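Undergrad: Structure below; questions to follow.
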């Protein structure tokens with residue numbers, strides 16, 4: 024294990040309960056003394072899913088800024104933060120994916136390491152409703168009340184709009200929905216995407232943290248820097264029939280962000296050839 028992390032306490036920059044999945048994952052893989060959430064930290068200042076605060080940075084940068092802000096506010100010197108986005112899935116844009124970034128920041132020397140994970144396991148989206156019954160139907164469809172709801176007058180937030188977040192009670196849902204419909208004619212109901220009210224997203228953050236922890240524990244053989252991470256899947260697995268290279272992964276490439284050292288890593292499944300059905304030569 025890298026001595027950089029030995030005996031140190033990990034601070035989690037969150038106001039949404041993410042420490043409960045991020046902390047244990049990193050403590051299981053690294054020689055940390057423990058973890059804790061940073062109290063009274065406003066991470067919504069870097070962007071809010073419900074629209075009142077626009078995110079002005081890309082997700083990785085936003086997560087880094089959260090971590091630095093957490094270090095400055097708490098005095099802790101090893102801080103981790105996350106940033107999530109719900110965006111079209113690049114290979115199939117009609118699907119929504121959850122893109123999660125985790126950034127670990129070491130205030131002792133300013134070093135930081137990042138990990139990105141994309142999942143199709145999501146509970147997201149919203150719907151314009153004209154009646155309380157429509158709101159009830161939408162709520163049932165998204166797994167309410169285990170998944171919380173947000174209600175607001177319209178999809179795109181405008182200055183002065185009331186936004187009711189964190190709704191996880193049926194009576195409160197109906198009261199707030201009826202009030203907004205009475206005032207505006209419709210109500211926009213959407214999933215609360217904050218982790219503590221969206222267990223589907225919290226599970227994705229857990230998976231992201233577990234993968235990040237394993238990458239952090241993998242040190243560069245050349246300089247000893249943590250996070251000797253897989254950065255590329257190199258195609259070219261030969262076809263089992265004709266031997267021509269296919270688009271399937273031949274090996275993974277690990278890279279060091281500090282010294283630039285790289286190394287090939289074989290496929291975990293040990294496969295040395297691809298089924299001819301995935302060969303552009305045999306099955307054009």
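In my numbering, the protein residues as written are 24 to 307. For glycine and all other residues, C-beta sits at the position ideal for the given N, C-alpha and C. These numbers were taken from a predicted model, which means no experiment stands behind them.
1) Among the residues of its own chain, which have a CB less than 8 Å from the CB of residue 176, if the five just before and after it don't count?
2) Beta carbon of residue 200, beta carbon of residue 48: below 7 Å?
3) Is it true that the segment 219-226 meets the segment 141-151, where meeting means three or more beta-carbon pairs spaced less than 8 Å apart?
4) Can you tell me where the alpha helix (DSSP H) holding residue 161 begins and where it ends?
5) Report yes or no: is there a C-beta of chain E within less than 7 Å of the C-beta of residue 152?
6) Just to confirm the assignment, what range does the beta strand (DSSP E) spanning residue 248 have?
7) Measuring only the C-alpha atoms, how far is residue 38 from residue 108?
8) Give a yes or no on whether the C-beta atoms belonging to residue 106 and residue 85 are separated by under 7 Å.
9) Under 7 Å between the Cβ atoms of residue 190 and residue 196?
10) If you count every other CB in all the chains shown that lies within 10 Å of the CB of residue 306, and 16 or more means buried, which is it?
11) Going by beta-carbon coordinates alone, are residue 56 and residue 99 separated by less than 7 Å?
12) Determine the closest residue to residue 238 out of 127, 62, 300, 43, with distance taken between C-alpha atoms.
13) Using the DSSP secondary-structure output, state which residues sit across from residue 277 in a beta bridge.
14) Measuring alpha carbon to alpha carbon, tell me which residue in 154, 174, 136, 229 is nearest residue 142.
15) Restricting to runs no shorter than 3 residues, where is the beta strand (DSSP E) found entirely within the segment 140-215?
16) Nearest CA to the CA of residue 76: which residue from 180, 293, 292, 251?
17) In whole angstroms, give me the CA-to-CA distance for residue 72 and residue 121.
18) Count the other C-beta atoms from every protein chain shown that fall within 10 angstroms of the C-beta of residue 82, then say buried if there are 16 or more, exposed otherwise.
19) Which partner residues of residue 51 appear in the DSSP bridge assignment?
20) Taking the alpha-carbon positions, what's the residue 281 to residue 133 distance?
21) Helix, strand or coil for residue 28, going by three-state DSSP, please let me know.
TA: According to the structure data:
1) Reading the chain shown from its first residue, position 153 is the one you call residue 176. 184, 185, 203, 206, 207, 209, 210, 211.
2) Locating residue 200 in the chain shown gives position 177, where the first residue counts as 1. Locating residue 48 in the chain shown gives position 25, where the first residue counts as 1. Cβ atoms of residue 200 and residue 48: not closer than 7 Å.
3) yes
4) The residue labelled residue 161 in the question sits at position 138 within the chain shown. Segment 155-164, the alpha helix (DSSP H) holding residue 161.
5) Absent from the structure is chain E; it holds one protein chain and no more.
6) Start at 1 with the first residue of the chain shown, and residue 248 comes out as number 225. Taken as a continuous stretch (DSSP letters only), residue 248 belongs to no beta strand (DSSP E), as it is neither H nor E.
7) Counting from 1 along the chain shown, the entry for residue 38 is found at position 15. Counting from 1 along the chain shown, the entry for residue 108 is found at position 85. Roughly 17 Å separates the two Cα atoms.
8) On the chain shown, position 83 is the one that residue 106 refers to. On the chain shown, position 62 is the one that residue 85 refers to. Contact flag set, yes.
9) The residue labelled residue 190 in the question sits at position 167 within the chain shown. The residue labelled residue 196 in the question sits at position 173 within the chain shown. Yes, they are a contact pair.
10) On the chain shown, residue 306 is found 283 positions in, with the first residue counted as 1. Looking at its Cβ environment, which holds fewer than 16 other Cβ atoms inside 10 Å, residue 306 is exposed.
11) Taking the first residue of the chain shown as position 1, residue 56 is located at position 33. Taking the first residue of the chain shown as position 1, residue 99 is located at position 76. It is not a contact, given that the beta carbons lie outside the stated cut-off.
12) Taking the chain shown and counting its residues from 1, the one referred to as residue 238 is at position 215. Nearest of 127, 62, 300, 43 to residue 238, Cα basis: 127.
13) As a working mapping, residue 277 is identified with position 254 in the chain shown. Assignment of beta-bridge partners to residue 277 by DSSP yields 253, 286.
14) Mapped onto the chain shown, residue 142 falls at position 119. Residue 229 holds the alpha-carbon nearest to the alpha-carbon of residue 142 among 154, 174, 136, 229.
15) 149-152, 172-175, 187-190, 210-214
16) For this step, residue 76 is matched to residue 53 along the chain shown. Residue 76 has its Cα closest to that of 180, out of 180, 293, 292, 251.
17) Counted from its first residue, the chain shown places residue 72 at position 49. Counted from its first residue, the chain shown places residue 121 at position 98. Going from the Cα of residue 72 to the Cα of residue 121 covers about 13 Å.
18) If you number the chain shown from 1, residue 82 lands on position 59. It is buried - the Cβ of residue 82 has at least 16 other Cβ atoms within 10 Å.
19) Numbered from 1 along the chain shown, position 28 holds the residue referred to as residue 51. Residue 51 pairs with nothing; no bridge assigned.
20) On the chain shown, residue 281 is found 258 positions in, with the first residue counted as 1. On the chain shown, residue 133 is found 110 positions in, with the first residue counted as 1. If you take the alpha carbons of residue 281 and residue 133, they lie about 13 Å apart.
21) Numbered from 1 along the chain shown, position 5 holds the residue referred to as residue 28. Looking at residue 28 - three-state DSSP - the assignment turns out to be helix.
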